[in-house]
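**Q**
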Amino acid sequence: MSEWKEIIDPDLQSTVTGDIAVGLDLGSRTGKGVLLAGGKLYTAITPTGVYMQETADKLLDKLLKQSKVARDDIAYIVGTGYGRIALNFGGTGHKIVTEISCHAMGSHYLNAKVRSIVDIGGQDSKAIRVDPASGKVVEFIMNDKCAAGTGRFLEKVAHLLDLTLEQLGNEALNADAPADVSSQCVVFAESEVISLKAKGVSAANIAAGIHLATARRVRNLVNRIGLEPDLVFSGGVSNNPGMTKALEELLGHPISRVKLDTIYAGALGAAVFAQKAASSSEAELADFALLKAK
Amino acid sequence: MSTVLTSEAQEQLNHIRYSRDTVHAHSPAIQKLFNLVIDYVDDAEKAGKSGTKVIWAGVPWAMPLIYSTGAIPVAFSEMGRISGQEAITVSEDYYQMPAETCSMVKATAGEWHLRKQAGTSITRIFGSSSGCEPYNLAWEVMKKEGFDVYTSDIVYRAPGVEGERYEELVRYFIDEIHDFNEWLTGSREIDKDSLHREIVRKNHLMRRMREIMDLRLKHPFHVKSLGIMYLMNGLTHYFGKPEEYTEVLDALVEELSGLETDEADRRRAIPLIWTGGNGQEFGIYETIDNAGGSLLGFVSSPYAKDFGEDIDPVESVARFQLESQMAGASIYRRHVIEQQVDRIQARGLILYGYLGCSFGSVTREMYRDYFHNKGIPSINLEGTFQVGAPSGQLLTRIKAFIEMLS
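Residue numbers (the numbering used here), protein chains in the order written: chain P, -1 to 292; chain Z, 15 to 420.
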């Protein structure tokens, strides 16, 4: 839990309302949640289960417990991410917004100057251009054809190196001569990693090579939409230091540091959309009441 | 031939029924259209069994000529709707087509194989394009399967071809048309009165389509995306029933003309243009509708300009083709897209292609660049020709694209 004023870009703080709003980002590997209430920003994370509604309910429970907010006091919920389609929150106002719009809006609220976003998730990666005036998406491109360039790929390699995903990213920082991993396909990269291990290449150098190979895929996406500063790295892989380093090296551009772990950027964007939806619902209700009074 | 309809294709049929009975419950014209869609191939098979000449045809220019001979064309575009993964598996495993082969080629070849096994009455295939190498492979395979396959040569009008060079192309194309007629009927002689009547019919239908597309600017949600896709498909082949398809368009004009303009709908609609292939992953169309998009522009079958009625009808067919967006170079279609962008004030383009079609992917990139430079955003989608649920990512792309434009 944090004061949202410590996290949200000062230029946009005046647009944050007092409405209690929830954003739930159900990724293919992990679900993330953000709740905005009483000047505070709460976060929750949980592995994505088989049933998306259960994962969403679990996240919501975690957020409600932390914040001590009553379920009925939530003004609006926005769901996003891979598992967003089937979400239902009964009587609470809710809607679905794509993760592309949510990552853009979330990143915008973390850094109002952001124009480019790299979002690497469990099963796809995206490059997004954002309008800094509104946080709206201007252009995006998505790689979903191949597991290379995604979190799932890194997970697979970590397993081959007997490392956790977290260890893989940190291990890459210790490399002195990153291995040349030429394959752009997760299946062939797997045999390449086994071959590198057999040749005695260190885990650190293999890890760095894998991150660079993944980053090369992402670089192509970024080049397609054009890189304009500031650049934010979001999504489930964004807290991997090895990937951050590889991206900065290949893109030749620093990644902006913000005051929230950017794996929550999508959920924050969803919460911002939820606040906006709550405000417009209230405005509509007020109009309706006015109309009835007339 | 419902015996060979896979469960995937049955699901797709159910989706069409759902669109007919629920999504378009307000539109008798679109309900009738969907009935034509559902019955097209089955009824053509029945007609073939009872002695009518029926052919598989993938050549839009030939449709009026085919009808003028009393034959029924079954368009390749409809094969995607009735074929699924089983057809793909046949092509990849039985015919050993590489997995990366165009999904349209794999789906049609596999479906023909399955239909042959099931005793199809439609055993003649008319294909175009000696330039599409994967289809050339499929034609050879189908000949070995016992199909009577005929292909006409591409008549490609390069940009800038005018004067005598153009007239030479027209003469060559007229010769190709007679060659095709000989294969179809056994004679090079074309019944010109009958062809003229078909041209008059086609002109009537294209005028109707222009009226419909104009009226839709006032009523953007009356016909949803799936309905528009099938309306446009039908303009090429009439679903084997020209009179009934004509009734659909006439009724739809009447329906739309009788509606009061809903300003809220007009403001809410996000005008989009669809161009490229027509995918059979119906969830894509539903996602467009649910996100507030409206396909007010659709660039597939040409309908902007009539066939000449005051010249020899065979020459009229040739000139129509060579002066339309289907004359070869992608720049012709780009012009049509551009006209539609202006006409509907399009906010975005959906560029759709089939997995594995290298020709289509190059064209889509060219369109993307061109319209991007003009400030019109586009989304490049690749899907399967055959039926199947669209991937979650494909739907995410469409929804995000429309969110971006809203």
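We put the CB at the ideal spot given by N, CA and C, even for glycine.
Per DSSP, which one or two residues make a beta bridge with D162 of chain Z?
**A** Z:R138
**Q** Round the Cβ separation of S33 of chain Z and K238 of chain Z to the nearest angstrom and send it over; I've been treating them as touching at under 8 Å.
**A** 7 Å
**Q** Identify each residue in the segment 70 to 90 of chain Z for which the Cβ-Cβ distance to at least one residue of chain P is less than 9 Å, and report them in chain order.
**A** none
**Q** With a CB to CB cut of under 6 Å and the five nearest residues on each side skipped, what residues in its chain are close to G406 of chain Z?
**A** none
**Q** Mind checking if F138 of chain P is an interface residue toward chain Z, Cβ cutoff 9 Å exclusive?
**A** So, interface residue.
**Q** Please name the residues in the segment 20 to 38 of chain Z whose beta-carbon is closer than 9 Å to at least one beta-carbon of chain P, in chain order.
**A** Look at the segment 20 to 38 of chain Z: it has no residue with a C-beta under 9 Å from a C-beta of chain P.
**Q** How is the beta strand (DSSP E) around E396 of chain Z delimited, first residue to last?
**A** Per DSSP, E396 of chain Z belongs to the beta strand (DSSP E) from S392 to G397.
**Q** What is the DSSP secondary structure of H92 of chain P, counted as helix, strand or coil?
**A** strand
**Q** Taking a contact to mean a Cβ-Cβ separation below 9 Å, would you say L33 of chain P touches L24 of chain P in this structure?
**A** no
**Q** Output the distance between the C-alpha atoms of I191 of chain Z and G200 of chain Z, rounded to the nearest integer angstrom.
**A** Within the model, the alpha-carbon separation for I191 of chain Z versus G200 of chain Z is close to 13 Å.
**Q** Kindly indicate the opening and closing residues of the beta strand (DSSP E) around P87 of chain Z.
**A** Boundaries of the beta strand (DSSP E) around P87 of chain Z: I86 to A89.
**Q** Does any C-beta atom of chain Z lie closer than 9 Å to the C-beta of R99 of chain P?
**A** For the record, residue 99 of chain P in the displayed sequence is Ser; it is not Arg. At a cut-off of 9 Å between C-beta atoms, S99 of chain P counts as an interface residue with respect to chain Z.
**Q** Does F87 of chain P come out as helix, strand or coil in the three-state DSSP assignment?
**A** coil
**Q** At the level of alpha carbons, what is the spacing between N109 of chain P and V128 of chain P?
**A** Inter-residue distance for N109 of chain P and V128 of chain P is about 11 Å (C-alpha atoms, whole angstroms).
**Q** To be precise: take each residue of the segment 14 to 33 of chain P, compare its Cβ to all Cβ atoms of chain Z, and keep it if any distance is under 8 Å. Which residues remain?
**A** none
**Q** Looking at G124 of chain Z: is its Cβ nearer than 9 Å to the Cβ of T398 of chain Z?
**A** no
**Q** Measure the Cβ-Cβ separation of D122 of chain P and M140 of chain P and say whether it is below 9 Å.
**A** yes
**Q** Which residue wins for smallest C-alpha separation from S166 of chain Z, given the options Z:Y252, Z:F187 and Z:V175?
**A** Z:F187
**Q** Measure the Cβ-Cβ separation of G21 of chain P and V270 of chain P and say whether it is below 9 Å.
**A** Going by C-beta atoms, G21 of chain P is nearer than 9 Å to V270 of chain P.
**Q** Of all the CB atoms in chain P, is at least one closer than 9 Å to the CB of M380 of chain Z?
**A** no
**Q** Spell out the partners DSSP gives G77 of chain P in its beta bridges.
**A** P:L22 and P:I94
**Q** In the segment 88 to 118 of chain P, which residues sit with their C-beta less than 8 Å from some C-beta in chain Z, listed in chain order?
**A** V95, T96, E97, I98 and S99
**Q** Quick check on F235 of chain Z: does DSSP put it in helix, strand or coil?
**A** coil
**Q** Let me make sure I understand the geometry here. Which of Z:R347, Z:Q353, Z:G306 and Z:Q339 has the alpha-carbon closest to that of K413 of chain Z?
**A** Z:G306
**Q** Using DSSP with H/G/I as helix, E/B as strand and the rest coil, what is G29 of chain P?
**A** Here G29 of chain P carries a strand assignment [DSSP, helix/strand/coil].
**Q** Would you be able to state if there are at least three C-beta pairs under 8 Å between the segment 352 to 372 of chain Z and the segment 261 to 275 of chain Z?
**A** no
**Q** When you compare each of P:G79, P:D259 and P:V112 to C100 of chain P by their alpha carbons, which one comes out closest?
**A** P:G79
**Q** Smallest Cα separation from P148 of chain Z: which of Z:F161, Z:K157 and Z:P112?
**A** Of the candidates Z:F161, Z:K157 and Z:P112, the one whose C-alpha sits nearest the C-alpha of P148 of chain Z is Z:P112.
**Q** What residues from chain Z crowd round Y80 of chain P, counting only those whose CB sits closer than 9 Å?
**A** G406, Q407 and T410
**Q** Could you have a look at N195 of chain Z and say whether DSSP puts it in helix, strand or coil?
**A** helix
**Q** In chain order, what residues of the segment 112 to 133 of chain Z put their CB closer than 8 Å to some CB of chain P?
**A** none
**Q** What residues match up with K124 of chain P in a beta bridge as DSSP calls it?
**A** Residue pairing for K124 of chain P: DSSP places it in a beta bridge opposite P:D117 and P:M140.
**Q** Between the segment 154 to 161 of chain P and the segment 229 to 238 of chain P, can you find at least three pairs of beta-carbon atoms closer than 8 Å?
**A** no
**Q** Could you have a look at R361 of chain Z and say whether DSSP puts it in helix, strand or coil?
**A** coil
**Q** Between Z:A76, Z:K60 and Z:H210, which has its C-alpha nearest P504 of chain Z's C-alpha?
**A** Not covered by the structure: residue 504 of chain Z. The range shown for chain Z is 15 to 420.
**Q** From what residue to what residue does the beta strand (DSSP E) around W75 of chain Z run?
**A** Premise fails: W75 of chain Z is in no beta strand (DSSP E) and is neither H nor E.
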